[in-house]
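Report on the following structure.
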Amino acid sequence: MSNFKKLQASPTTVTRDTARIQAPTGNIYEVVTILSKRANQINTRLKEELNEKLEEFSGHTDTLEEVFENREQIEISRYYEKLPKPSLLSIQEWLEGEIVFRKAEEDANK
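In this text, residue positions in the sequence shown follow this note's numbering: the first is 40, and each later residue adds one.
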């Protein structure tokens, strides 16, 4: 899969050409399912990355004020907040042909 953090996905919702989106499968509902699964994967990976980075700052002796005043921690959080939403990233990956999918029927026939 592509590096989703480097995608040039729109940070806001835009009107999409549904014919172009459904072209690879011929079924818009199938595409929505694929995109939602990919968005969940992206979201999980982003959460894990963010938690790993913020874990470096957590200490057992930190007071609540020290946690809120940590500039590096704030900058890391802001970076992740500014990233496009996982759903928008998955749509961009789909439009760029970066998502590989296979149908369950194909797996059953093998």
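Every residue gets a Cβ at the ideal spot worked out from N, C-alpha and C, and that includes glycine.
The residues 106, 109, 111, 112, in chain order, have a CB closer than 8 Å to that of residue 96 in the same chain once the five nearest residues on each side in sequence are set aside. Between the stretch 82–91 and the stretch 59–67, the count of Cβ pairs shorter than 8 Å is below three; the stretches do not touch. When secondary structure is reduced to three states using DSSP, residue 49 falls in the coil class, being assigned neither helix nor strand.
The continuous alpha helix (DSSP H) containing residue 71 extends over residues 67–94.
Boundaries for residue 55: no alpha helix (DSSP H) harbours it, and the DSSP string shows neither H nor E there.
Around residue 125, the same chain offers 78, 81, 82 as residues with beta carbons nearer than 6 Å, after the five sequence neighbours per side are excluded. Cα atoms of residue 90 and residue 116: separation of roughly 10 Å, rounded to the nearest angstrom. Going by C-alpha positions, residue 75 is about 16 Å away from residue 55. Under the DSSP assignment, residue 122 falls outside any alpha helix (DSSP H); it carries neither an H nor an E label.
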